[in-house]
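Okay, so here's the structure we're looking at.
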Amino acid sequence: MSNPHFRARRIRGNETFRRMVRETALSTSDLVYPMFSAFGSGLRKEVSSMPGIHQQSIEHIVEECHEVYGLGIPAVLLFGIPESKDAVGSDAYSESGIIQDTIRAIKRQVPGLAVITDVCLCEYTDHGHCGVIVDGDVDNDATLELLAREALSHVKAGADMVAPSDMMDGRVAAIRERLDQNGYTTIPIMSYAVKYASGYYGPFREAAESTPQFGDRRSYQMDPANRLEALREAAADIDEGADIIMVKPGLPYLDILRDLRNEFNLPLAVYNVSGEYSMIKAAAANGWIDEERVVLETMTAFKRAGADIIITYHAKDVARWLTGG
Ligand code: PBG
Ligand code: ZN
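Take a look at the structure:
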């Protein structure tokens, strides 16, 4: 800096100036709230590792959707916990599956709320993997057919957008083709394009009851050490017709988010995952951090790194804090 008169603090001295020069804005419109819809009735069970987040039967899901919509949050992301599981995840693409019933109920009672569905098999398979097992590993191409079927059944039930999270190669193309063949050319795909094999999903697996019963997900999710591969994954999904691409988890992968922002011009989503949520909740419960401050700082970091959409379990709190409610 050659300017001898430079003083960064001149525009930092009061909130009015700080507001005028602030580079990043966070808005309730950026948020997506994930929810866990469970088979049954009268069920509302808190996930022990995720305070404030519940497994709920449909009537309670709808009740919370009213609240979410009332807070100005534009969309929910749905996960299903079916009545029963099998080797091929049949409930995932059944017309009367848990998610299909949930979508219809929400669209009937809270029509203004956008419903995005997670498209994957792990919540529906008895072995807990994201696809069908052949010779001890998830078979890519056999899984594609089931994912296409699942996405189509979600859309038929009224889903506004589908979000495949399985990490099979070619699934965006398979889903796009299936939707188009059935006349759903206008339904967008938000692809979990860059999804790492992460320890941060731990609490989610309790919430979704989707822990793999053998092995792990490293043969299909990404190695946390890889950065260039993220660009290849994103490019492949864009090529196949993804409308929005996602990075997951969030905070440990802000560099990847920025890489994608610099490389591609599609809308970018970030998934602030369960383990990230649980860590903040635990520290806040202990009085070790100021929850509101840390959560808003985290959300701002996502926006600063390049995210347009933030999928977060903090969404309702963030919406309240942003509006001073
Ligand atoms: C399922 C899925 C997972 C998450 C979203 N979709 C778990 C996994 O891949 O094991 C994680 C979400 C979170 O941790 O909040 N494919
Ligand atoms: Zn899965």
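To get my numbering, take the position in the sequence shown, counting from 1, and add 1359.
No residue lacks a Cβ here, since even glycine has one placed at the ideal position from N, Cα and C.
Burial state of residue i, where buried means 16 or more other Cβ atoms lie within 10 Å
i     : result
R1679 : exposed
N1315 : The chain is shown from 1360 up to 1684; residue 1315 falls before or after that span and cannot be answered.
D1389 : buried
I1370 : exposed
F1395 : buried
A1641 : exposed
R1535 : buried
H1425 : exposed
E1592 : buried
Q1580 : buried
R1577 : exposed
L1587 : exposed
Q1540 : exposed
E1482 : buried
A1584 : exposed
V1493 : exposed
V1380 : exposed
H1364 : exposed
R1537 : buried
G1490 : buried
P1470 : exposed
T1461 : buried
A1666 : buried
A1367 : exposed
D1500 : exposed
Close-in-space but distant-in-sequence residues of the same chain around residue i (CB under 6 Å, 5 per side omitted)
i     : result
A1601 : V1531, I1548 and S1550
S1524 : D1477, C1479 and Y1551
L1385 : M1658, T1659 and K1662
A1556 : R1576, R1577 and Q1580
G1439 : S1396, I1457, I1458 and E1482
Y1452 : R1508, E1509 and S1512
I1546 : V1514 and L1538
G1683 : none
L1472 : C1424 and Y1428
Host beta strand (DSSP E) of residue i (start-end)
i     : result
G1439 : A1434 to I1440
P1393 : L1390 to A1397
R1403 : R1403 to E1405
Q1540 : Q1540 -> not in any beta strand (DSSP E); alpha helix (DSSP H) instead, spanning R1530 to Q1540.
Identity of the residues DSSP links to residue i by a beta bridge
i     : result
P1523 : V1478
S1550 : I1604
Y1688 : The structure shown does not extend to residue 1688, since the chain spans only 1360 to 1684, so no value can be given for it.
Q1415 : S1396 and R1403
I1492 : V1497
A1473 : A1434
T1484 : D1445
Beta-carbon proximity list for residue i, same chain, < 7 Å, skipping 5 on both sides
i     : result
S1637 : S1408, M1409 and P1562
G1609 : V1629, Y1630, N1631, V1632, E1635 and F1661
D1598 : none
L1503 : M1527, G1529, R1530 and A1533
Y1612 : Y1555 and V1606
E1650 : I1639 and A1643
H1488 : C1481, V1497 and P1571
Residue interval of the alpha helix (DSSP H) (run including residue i)
i     : result
F1661 : E1650 to A1664
T1671 : Per DSSP, T1671 belongs to no alpha helix (DSSP H); it is in the beta strand (DSSP E), I1668 to T1671.
N1631 : It is not in any alpha helix (DSSP H) - N1631 instead sits in the beta strand (DSSP E) that spans L1627 to N1631.
T1502 : N1499 to A1516
M1379 : E1374 to V1380
R1679 : A1674 to L1681
L1590 : L1587 to D1598
T1461 : I1457 to Q1468
N1621 : L1613 to E1622
F1563 : G1561 to A1567
Below-8 Å beta-carbon distance, residue i vs any chain D residue
i     : result
R1378 : Absent from the structure: chain D. Only one protein chain is present.
Residues of its chain near residue i, where Cβ-Cβ distance is below 8 Å and the 5 sequence neighbours each way are ignored
i     : result
D1485 : K1444, D1445, A1446 and Q1572
E1454 : S1512, K1515 and A1516
V1391 : I1432, P1433, A1434, V1435, L1436, I1475, A1628, I1668, I1669, I1670, T1671 and A1674
V1553 : M1581, A1589, E1592, A1593, I1604, M1605, V1606, K1607, Y1612, I1615 and L1619
S1416 : S1396, A1397, F1398, G1399, S1400, G1401, L1402 and R1403
V1406 : F1395, I1412, H1413, Q1414, P1562, E1565 and A1566
| field | Those residues, in chain order, that have a beta-carbon closer than 5 Å to some heavy atom of the ligand ZN | value | Answer in sequence order: C1479, C1481 and C1489.
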